[in-house]
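This note's numbering numbers the first residue of the sequence shown as 92 and each following residue consecutively. Written out below as structure tokens is the structure these notes cover.
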Amino acid sequence: MEQSKQDTCTKTDYKKITVKTSDGSTIQGKINVSSDQRVSDLFTKSEATFIVIVDVSYRDGVGKTLFVNKRHIIWVEPEDSEEPQQDIC
């Protein structure tokens, strides 16, 4: 049976965040959360050890993707502005 394009698409909802790590680094980027999820849910309700941050500004690099161990995060500040949702097919 052939699946429709709508069935195979994934909604992405990126939220901008700033992260402070235990080594004193500050990372700015975006995380993908579902439309019914808050940024804090990734840290309090998820069993995953790492979070994925995309479009990162960190040190001398811009546009990188980082996998950050949640045990090394001191604080996270979500920004109020929201990125528009996108369909990835």
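Backbone N, C-alpha and C define an ideal beta-carbon position, used for all residues, glycine too.
Ranking Gly152, Ser126, Leu133 and Val124 by CA distance to the CA of Ile164 puts Leu133 first. Between Thr156 and Val167, the CB-CB gap reaches or exceeds 9 Å. Of the residues Val153, Ser113, Lys136 and Asp171, the one whose Cα lies closest to the Cα of Gln119 is Val153. Following the DSSP letters along the chain, one finds Thr156 inside the beta strand (DSSP E) bounded by residues Gly152 to Asn160. Cβ-Cβ separation between Asn160 and Phe141: approximately 6 Å, consistent with a contact (criterion under 8 Å).
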